[in-house]
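Residue numbers (this note's numbering): 778 to 1070. The C-beta atom is built at its ideal place from N, Cα and C for all residues, glycine as well.
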């Protein structure tokens, strides 16, 4: 048995992993400077992201902040390096999580985007309590699906206190008998100006249409308190202008958000489904539990 200081281990782990990743990122930057991107040849970029808040590894968090800052900026001449990969135009944002419990930081990022002038449609998908494997389990774990439902209710209540166009927020729950839901990810999809001007999207199952670019996050993160602060999460950010890859990612996203199993929900509807709400006394201590969800 070896005894060691927890804080000392976390610091050494942070230093070793940060040094390794920073060197790799710097190698990529140097290669980019020496070999400028030829967009006619290099049409896809993959950015590895790690998040381990316990050891202060915050690459997912930092990337998400930069991404939302870029897409909500009012000028297409942003100095962000993302401007070399994606460009300002009409787009849609989709986020799915089987354990939906956005942190205050991510809530703020969404608020800032919804309050901006870009009027981006946002689609959020989470598990219905019936698609959570802890439903009706014995003991305290049986309350876990209700806690996630309550966290969603609190988020929608916050959204309803703001002045932005609530038609831009679309919330869905995955409901499929005898299935649980664990899909997760974030997708940003360009929208053709012609399609955007001719009709307003009402359904996530769109017909085939051209995407000038696609950005997606694929990995283990649920964008929750637990993902940011407690667990080790790994993701890949895929940014592409390749039409075939854009269409493949689009088709996969449509499959996840399929209207067959994804039902739109409203705040009033969730509030009225009392069988899936936490007891009143437990709602007061939910902010504490959310740090572990």
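Beta-carbon gap between residue i and residue j smaller than 8 Å
i: residue 906; j: residue 1053; result: yes
i: residue 889; j: residue 845; result: yes
i: residue 957; j: residue 996; result: no
i: residue 900; j: residue 868; result: no
i: residue 950; j: residue 1042; result: yes
i: residue 892; j: residue 939; result: yes
i: residue 849; j: residue 818; result: no
Helix, strand or coil at residue i [DSSP, three-state]
i: residue 950; result: strand
i: residue 871; result: strand
i: residue 1068; result: helix
i: residue 899; result: strand
i: residue 1050; result: coil
i: residue 834; result: strand
i: residue 925; result: helix
i: residue 1057; result: helix
i: residue 1015; result: strand
Neighbour-count burial assignment, residue i, 16 or more Cβ in a 10 Å radius
i: residue 835; result: buried
i: residue 1012; result: buried
i: residue 947; result: buried
i: residue 922; result: buried
i: residue 1026; result: buried
i: residue 856; result: Note on residue 856: pLDDT 48, under 50, position unreliable in the model; the coordinate value appears next. By the neighbour-count rule (16 or more Cβ atoms within 10 Å), residue 856 is not buried but exposed.
i: residue 1039; result: buried
i: residue 1065; result: exposed
i: residue 784; result: exposed
i: residue 1004; result: buried
i: residue 803; result: exposed
Whole-Å CB distance - residue i paired with residue j, under 8 Å assumed
i: residue 908; j: residue 962; result: With 8 Å as the limit, residue 908 and residue 962 do not qualify as a contact, their Cβ atoms being about 17 Å apart.
i: residue 886; j: residue 931; result: Not a contact, Cβ separation roughly 17 Å.
i: residue 884; j: residue 1010; result: Not really, about 18 Å apart at Cβ, beyond 8 Å.
i: residue 821; j: residue 1019; result: 5 Å
i: residue 876; j: residue 999; result: 5 Å
Proximity to residue i [Cα-Cα], best of the options
i: residue 927; options: 795, 807, 869 and 1046; result: 1046
i: residue 1059; options: 786, 920 and 849; result: 920
i: residue 1023; options: 1040, 993, 1001 and 805; result: 993
i: residue 1001; options: 822, 811, 848 and 1068; result: 1068
i: residue 795; options: 880, 1005, 833 and 1028; result: 833
i: residue 952; options: 882, 1036 and 810; result: 1036
i: residue 823; options: 840, 999 and 1005; result: 840
i: residue 1008; options: 830, 1028, 811 and 782; result: 830
i: residue 964; options: 990, 941 and 942; result: 990
Residue-level contact to chain D via CB, residue i, 8 Å cutoff
i: residue 993; result: Considering every chain present, this structure includes no chain D. It has just one protein chain.
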